[in-house]
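Note sheet for the following structure.
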Amino acid sequence: MNQFKNIVNTLVYGNFVIALCASSLCYFTILFFSLELYLLETVLFVFFSTQFTYIFHRKVDHLYYGNRFLTPQDNWIKQHDRLYSWLLIMSFVGSFYFYYQLPKATIVILFPLILISLLYVIKLNFFGKSTSLRLIPFLKPFLIAFVWGGIASFLPLIINGGMEAFFELKYHIYAIAMGLFVFGQTIPFDIRDYEIDKKSNLKTLPHALGNGITKLISISAYGLALVFVYIVSKHIDYQLVALASAFIISMVIIWKLSSQKSDLHFSLLHESSLALPLICFKILAFF
Numbered sequence: 038m039n040q041f042k043n044i045v046n047t048l049v050y051g052n053f054v055i056a057l058c059a060s061s062l063c064y065f066t067i068l069f070f071s072l073e074l075y076l077l078e079t080v081l082f083v084f085f086s087t088q089f090t091y092i093f094h095r096k097v098d099h100l101y102y103g104n105r106f107l108t109p110q111d112n113w114i115k116q117h118d119r120l121y122s123w124l125l126i127m128s129f130v131g132s133f134y135f136y137y138q139l140p141k142a143t144i145v146i147l148f149p150l151i152l153i154s155l156l157y158v159i160k161l162n163f164f165g166k167s168t169s170l171r172l173i174p175f176l177k178p179f180l181i182a183f184v185w186g187g188i189a190s191f192l193p194l195i196i197n198g199g200m201e202a203f204f205e206l207k208y209h210i211y212a213i214a215m216g217l218f219v220f221g222q223t224i225p226f227d228i229r230d231y232e233i234d235k236k237s238n239l240k241t242l243p244h245a246l247g248n249g250i251t252k253l254i255s256i257s258a259y260g261l262a263l264v265f266v267y268i269v270s271k272h273i274d275y276q277l278v279a280l281a282s283a284f285i286i287s288m289v290i291i292w293k294l295s296s297q298k299s300d301l302h303f304s305l306l307h308e309s310s311l312a313l314p315l316i317c318f319k320i321l322a323f324f
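And the structure:
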């Protein structure tokens, strides 16, 4: 049992799960639009770059805050610091390698996403105050939704269609839909971090509106995302049904969440629901 728990902790706290979720959303886009070029390279780049980004964020957090507000993941990282450092190096190498397998036009979409990812945790002077983007009140879920929407939608589309894809209205609508889906998934983590954010004086939606209204905003984001995908699809097919199924399951998961749930429960169950669009798509494809 302990061995199984160690494996689960490594997959979750080593950011393998969140990396798989990001690459699964990217792969869903590939299937949704029947893309054919650089499939493996794109998915693996998204996997390694996501893992690297999340590990990098944690490393920077530890530099700035040390042992303040330790979470179960922080404790795991302290106990496995060498492994975590190796994962940082390997994910960077993987990101670097697969980036160079992709068309150079990808830098157009990647540059702003990389910049936001760096400024998300690195403190700079904004309006005369040293802070990072993440510490700006209420901004965090919008930033995550923007970056994930770009990496999961526009990246594979530009890789396959070149810069012309960037000027297609339907692709922008689809990217907004993916961003809304991720936005809906991100907000509940502010519920989990309610006490930590309160101690660090970071204002989030649960602090301002309460957990109930925050959940309703999250669920509304799913509904709006489904409307946008329907606009892109123009008809009801199994792809749209797959997304609707994924969104409904996610809504139920979110409504059942509370700040009393364990950190591992949030990280494993809730983060994994980001892979539901691909899972539902694959299941329905058999029928």
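FYI, this note's numbering numbers position 88 of the sequence shown as 125, with every residue one higher than the one before it.
Glycine included, every Cβ here is placed at the ideal spot set by N, Cα and C.
Source: prediction; values computed, not measured.
In the structure shown, K319 falls within a helical segment according to DSSP collapsed to helix, strand and coil.
Between T143 and I195, the C-beta spacing is below 8 Å.
A straight-line Cα-Cα distance of about 15 Å links L48 and S310. If the five residues before and after L125 are omitted, its C-beta is found closer than 8 Å to the C-beta atoms of F89, I92, F93 and K96, all from its own chain and listed in chain order.
Burial is judged here by how many other beta carbons sit within 10 angstroms of a residue's own beta carbon; S257 has fewer than 16 and is exposed. With contact defined as three or more Cβ pairs closer than 8 Å, the segment 145 to 155 and the segment 127 to 134 are not in contact. Nearest to T223 by alpha-carbon distance, out of I290, L72 and K141, is I290. One Cα belongs to N112, the other to K240, and the distance between them is close to 25 Å.
Under the DSSP definition of a beta bridge, T168 partners with L161. Where M200 is concerned, there is no enclosing alpha helix (DSSP H), because DSSP gives it neither an H nor an E. In the structure shown, the three-state DSSP call for D111 is helix. Bounds of any alpha helix (DSSP H) do not take in S71, whose DSSP letter is neither H nor E. One Cα belongs to A56, the other to R171, and the distance between them is close to 20 Å. Beyond the five residues adjoining it in sequence on each side, S282 comes within less than 8 Å, by CB distance, of L313, C317 and L321 in the same chain, given in chain order. With the rule of 3 Cβ pairs closer than 8 Å, the segment 69 to 79 counts as touching the segment 189 to 207. For K42, the enclosing alpha helix (DSSP H) covers residues N39 to Y50. Taken through DSSP and simplified to helix, strand or coil, A142 comes out as coil.
The way I'd put it, the segment 200 to 210 doesn't touch the segment 176 to 188; fewer than three beta-carbon pairs between them come closer than 8 Å. Taking the Cα positions, V219 is about 12 Å away from G260.
Between S270 and L277 a beta carbon distance of about 5 Å is seen, short of the 8 Å cut, so the two are scored as contacting. The C-beta distance from C63 to A262 rounds to 16 Å, too long to fall under 8 Å, and the pair is not in contact.
Scanning its chain for C-beta atoms nearer than 6 Å, with the 5 sequence neighbours on each side dropped, one finds around F85 the residues S128, G131 and S132, in chain order. C-alpha of K160 to C-alpha of I228: approximately 24 Å in a straight line. Residue burial is scored here from C-beta neighbours: S304 has at least 16 other C-beta atoms within 10 angstroms and is therefore classed as buried.
For secondary structure counted as the alpha helix (DSSP H) over 4 or more consecutive residues, the segment 237 to 302 holds these complete runs in sequence order: 242 to 246, 248 to 270 and 275 to 293.
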